[in-house]
Amino acid sequence: MENPELSIIVPVLDEAASLPELARRLRDVCGRAGYRFEVWLVDDGSTDGSWEVIERLHEDDPRFLGLRFRRNYGKSAALAVGFERARGRYVVTLDADLQDDPEEIPALIELLESGHDLVSGWKKKRRDPLSKTIPSRFFNFITRIISGIPLHDFNCGLKAYRREVVKSVRIYGELHRYIPVLAKWEGFDRITEKPVAHHPRQYGRTKFGLERFIRGFLDLLTVLFMTRFAARPMHFFGTLGTLAFIGGFLVSLWITLDKLIFGNYIGDRPLLLLGVLLILVGVQMFTTGLIGEILVRPRMERTEAYQIREALLPDEQAEAV
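Note that the working numbering has the sequence shown beginning at 2, numbered continuously upward.
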């Protein structure tokens with residue numbers, strides 16, 4: 002079968018009631034737009050019969066494909082396996098709960114065709130309780146400031162990507178919230194957003210609790226380190242280690258001079274312990290940076306680790322590509 006031009010990836014967790022309606026809407030939208038499409042429905046350990054619904058959808062229309070995890074691994078895992086199997090030139094992700102509107106897909110694809118690498122939906126009028134919207138705004142604000150990416154809604158499930166973006170980013174844990182940051186790190190900096198419709202949940206219940214905000218903060222720290230220092234860990238650990246070592250050295254120098262010049266006893270002074278502690282921490286941090294450089298060097302020496310946007314090649318090399 003000819004490869005599709007559009008791959009749609011839908012993580013599924015206990016959404017049996019909404020899947021038939023979602024499939025109908027996706028089929029209608031893609032049919033009107035004339036897309037050759039495939040839909041990957043990734044069952045993330047559902048217990049409500051979602052997989053049986055996916056099987057029926059596949060029997061009715063082979064363009065609806067399914068993957069079933071043995072247990073619940075999380076949304077990042079579902080997106081990761083979907084990205085791996087997507088064959089389309091463009092890839093769209095959306096949630097299965099019908100809060101994301103499939104009617105938005107053609108407009109997202111149009112922005113990709115105009116030259117963008119990634120288009121993120123912006124739930125400008127969000128149909129969620131305040132317990133979700135207020136913390137989400139806080140995290141979006143912090144991520145926007147730190148990453149330099151002017152998006153209002155990093156965690157919106159409705160996004161569109163060029164194929165090369167999803168084949169380059171590596172997501173795990175719960176890093177799906179920060180895919181635009183990871184994409185920018187890989188060199189895909191033509192990122193934009195589009196306000197999209199957001200509907201109230203019709204079936205089931207939300208899968209996210211308060212613990213996701215703690216995880217989100219930890220994931221943000223992970224992404225910040227990965228995007229800024231993963232290729233140069235010595236810059237991070239070495240800087241901290243140097244500052245700690247210098248601080249410890251200055252404290253130790255001060256109490257030494259205080260002993261030599263003024264004769265003050267230093268054996269029971271807290272500054273002595275502080276100076277020694279800072280020196281030891283500095284040495285440990287510096288050593289950690291060196292070990293990190295040793296581990297990351299083989300990867301960074303491989304030329305395939307670098308993303309090439311465009312190339313002008315000799316004829317024989319162009320033919321090989």
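Beta carbons are placed, not taken as given, at the ideal position from N, Cα and C, and that holds for glycine. All values derive from a computational prediction rather than experimental measurement.
Open item on the list: Whole angstroms are fine: how far does the CA of E165 sit from the CA of V322?
Closed with: Annotation note: pLDDT 49 at V322 (below 50); position unreliable, coordinate value reported separately. Cα to Cα, the separation comes out at about 15 angstroms.
Task: Status (buried if at least 16 other CB within 10 Å, exposed otherwise) for F263 - done: exposed
Open item on the list: Once DSSP output is grouped into helix, strand and coil, what is the label at V82?
Closed with: helix
Open item on the list: Tell me the DSSP secondary structure of V282 in three-state form.
Closed with: helix
- [ ] Decide if P63 is buried, meaning its Cβ has at least 16 other Cβ atoms within 10 Å, or exposed.
- [x] exposed
Task: For T304, the three-state DSSP class (helix, strand or coil) - done: Here T304 scores only 47 on pLDDT, less than 50, and its place in the model should not be relied on; the value that follows carries that caveat. Looking at T304 - three-state DSSP - the assignment turns out to be helix.
Open item on the list: Quick check: the Cα distance between Y117 and I55, rounded to an integer number of angstroms?
Closed with: For the sequence presented, residue 117 should be read as His rather than Tyr. Their Cα atoms are separated by approximately 32 angstroms.
Task: Which listed residue (G32, A17 and V297) has its alpha carbon closest to that of W52 - done: A17
Task: Coarse secondary structure for S121, derived from DSSP in three states - done: strand
Task: Contact set for Y74: own chain, Cβ-Cβ below 8 angstroms, skip 5 residues either direction - done: D45 and G46
TODO: Throw me the rounded Cβ distance for the G283 and M235 pair, which I believe falls under 8 angstroms.
DONE: About 13 angstroms separates the two Cβ atoms, so there is no contact after all.
- [ ] Please classify F38: is it buried, with 16 or more other beta-carbons within 10 angstroms of its beta-carbon, or exposed?
- [x] buried
Open item on the list: Classify L222: buried if its beta carbon has 16 or more other beta carbons within 10 angstroms, exposed otherwise.
Closed with: exposed
Task: Start and end residues, alpha helix (DSSP H) containing P201 - done: First-last for P201: undefined, no H or E at that position.
Task: Own chain, CB closer than 7 angstroms to V252, minus 5 neighbours either side, in chain order - done: L272, L275, G276 and L279
Open item on the list: Using only CA atoms, which one of R71, T48, F70 and L42 lies nearest to H59?
Closed with: L42
Task: DSSP three-state assignment for G35, whether helix, strand or coil - done: coil
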